[in-house]
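Novice: Structure provided below as structure tokens; questions to follow.
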């Protein structure tokens, strides 16, 4: 792989300073027009080697005291924090941010709409070629009717902040504009979204089919230059389980399956295909019907590319290893949202109520 630029200095923007700065964290939509950018054809171009810098955003919401209360999402977030620590992510305020709705935490660590939106901007601040990032969300997800004609199912998937009743939901359009479009070429984000309707939760254009071992491009793709891969807890039309049992810690089924697979994945030499297969096996073992999804901003060979959450992929879950991971170069000659077909919104969502079935879900779902 080609080397990224010389190792840049560590991140120095502390979250506590950033979130209180005037004007910090304002979301601005990406330009509507497609833009031509440098690219290499699919299957060609040298992968970029990570420069050693890590940064992550972890969010876990139990919605304590509300009618939407969950049990295991904060556990998920703290377990993921531990996994990332063991895989090279520094545990300090400039590299790792944990937002949870625990009462004993300060306002700047509450996962409300304002702080989540600011956290997206903080995560992307000073990101450059060779950087490796991770985003994890465990909580409720929903759907809202899409009026633009872009979404293949007629709905935007949404992330539900703790103050959703007052401040609303955060749509996948905002997630794509904040995290995916802003990521520079040669940098990587791995994301795990453990919530209902999370299948296309980052609006990534390529969806991997583990049975046919091939990628399918979205009808109306949203292309970008960076390397973004999302593991999501279920398909867009499915709910995602929040589980607890005798002797078992409460948590999201997908997060538990992801961590279980990562801790047993062939000493870290598992490919993306093998790792997704291992996640599916973990879910089946515990009799969950939800089908995890793998979507990506870039078209790559999932059967040969080795998976890792951090810089190195050897010794999964053991705190290091000898196999350097890689970053996929950009294969998209044009970036932005491409409309090939105008899709009319459906009349009702999966749970009725005009397309947002946040509270029309089955009992025990993480939503």
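Numbering (the numbering used here), first residue to last: 283 to 649.
Using N, Cα and C, we set each Cβ at its ideal position, and we do this for glycine too.
Please read all numbers here as calculations on a predicted model, not as lab measurements.
(1) Which runs of the alpha helix (DSSP H), 4 residues or longer, sit entirely within the region 451-499?
(2) Which partner residues does residue 606 have in the DSSP bridge list?
(3) In the structure shown, what three-state DSSP assignment does residue 601 receive?
(4) Measuring CA to CA, which of 511, 392 and 456 is closest to residue 557?
(5) Decide if residue 440 is buried, meaning its Cβ has at least 16 other Cβ atoms within 10 Å, or exposed.
(6) Once DSSP output is grouped into helix, strand and coil, what is the label at residue 301?
(7) How long is the line joining the alpha carbons of residue 609 and residue 470, rounded to whole angstroms?
(8) Helix, strand or coil, according to DSSP, for residue 358 in the structure here?
(9) Going along the chain, which residues of its own chain have a beta-carbon closer than 6 Å to the beta-carbon of residue 560, five neighbours each way excluded?
(10) Nearest to residue 421 by CA position, among 487, 534, 503 and 613, is which residue?
(11) Run through DSSP, which three-state label would residue 620 get?
(12) To the nearest angstrom, report how far apart residue 602 and residue 374 are at their CA atoms.
(13) Taking C-beta to C-beta, are residue 445 and residue 395 nearer than 7 Å?
(14) Spell out a yes or no on whether the region 406-424 and the region 350-368 are touching, meaning 3 or more CB-CB pairs, one atom from each, closer than 8 Å.
(15) With burial defined as no fewer than 16 other Cβ atoms inside 10 Å of the residue's Cβ, what is the status of residue 450: buried or exposed?
(16) In angstroms, rounded to a whole number, what distance separates the CA positions of residue 458 and residue 507?
(17) In angstroms, rounded to a whole number, what distance separates the CA positions of residue 329 and residue 346?
(18) Check whether the Cβ atoms of residue 466 and residue 487 sit closer than 7 Å, and answer yes or no.
(19) Who pairs with residue 425 in a beta bridge, going by DSSP?
(20) If the criterion is Cβ atoms closer than 7 Å, does the pair residue 531 and residue 344 meet it?
(21) Between the Cα of residue 536 and the Cα atoms of 361, 337, 305 and 320, which residue gives the shortest distance?
(22) When you compare only the Cα positions, how much space is there between residue 323 and residue 613?
(23) Out of 293, 515 and 462, which has the shortest C-alpha to C-alpha gap to residue 407?
(24) Residue 492 and residue 562 look like a contact to me (Cβ under 8 Å); what is the Cβ gap, rounded to whole Å?
(25) So the candidates are 409, 410 and 442; which of them puts its Cα closest to the Cα of residue 425?
(26) With a Cβ-Cβ cutoff of 7 Å, do residue 618 and residue 317 count as a contact?
(27) Are residue 474 and residue 402 touching if we call contact CB-CB under 7 Å?
(28) What residues in its chain sit with their C-beta under 8 Å from that of residue 460, if we drop five residues either side in the sequence?
(29) Determine the contact status of residue 338 and residue 391, defining contact as a CB-CB distance below 7 Å.
(30) How many angstroms separate the CA atom of residue 495 from the CA atom of residue 315?
(31) Report the rounded CA-to-CA distance for residue 577 versus residue 513, giving the unit in angstroms.
(32) So, is residue 351 buried or exposed, given that buried needs 16 or more other C-beta atoms within 10 angstroms?
(33) Kindly give me the distance between the Cβ atoms of residue 505 and residue 620, rounded to whole angstroms, as I take these residues to be in contact under 8 Å.
(34) Would you please state the rounded distance, in angstroms, between the beta carbons of residue 606 and residue 331? I believe it to be under 8 Å.
(35) For the candidate residues 616, 354 and 335, whose alpha-carbon lies nearest to that of residue 594?
Specialist: This is what the structure gives:
(1) As summarised for the region 451-499, the continuous alpha helix (DSSP H) elements at least 4 residues long and confined to that stretch are 454-457, given in chain order.
(2) 594
(3) In this prediction, residue 601 scores a pLDDT of 41, lower than 50, which makes its location untrustworthy; no coordinate-derived value is stated.
(4) For residue 557, the nearest C-alpha among the options comes from 511.
(5) buried
(6) helix
(7) 6 Å
(8) Three-state DSSP puts residue 358 in a helix.
(9) 543 and 547
(10) 534
(11) coil
(12) Only weak support is given to the placement of residue 602: the predicted model assigns it a pLDDT of 43, under 50, and the value that follows is read from those uncertain coordinates. In a straight line, the C-alpha of residue 602 is about 19 Å away from that of residue 374.
(13) Less than 7 Å divides the Cβ of residue 445 from the Cβ of residue 395.
(14) Note that the region 406-424 touches the region 350-368; at least 3 beta-carbon pairs, one per stretch, sit closer than 8 Å.
(15) Residue 450 is classed as exposed because its beta carbon has fewer than 16 other beta carbons within 10 Å across all chains shown.
(16) 12 Å
(17) 44 Å
(18) no
(19) 439
(20) no
(21) 361
(22) Near 5 Å, if we compare the C-alpha coordinates of residue 613 and residue 323.
(23) Ranked by how close their Cα comes to the Cα of residue 407, the residues 293, 515 and 462 have 293 in first place.
(24) 7 Å
(25) 442
(26) Between residue 618 and residue 317, the gap from beta carbon to beta carbon is short of 7 Å.
(27) no
(28) 309, 399, 402, 403 and 406
(29) no
(30) Taking the straight line joining both Cα atoms gives about 32 Å.
(31) 7 Å
(32) exposed
(33) Residue 505 to residue 620, Cβ: 7 Å. Contact.
(34) 6 Å
(35) 335
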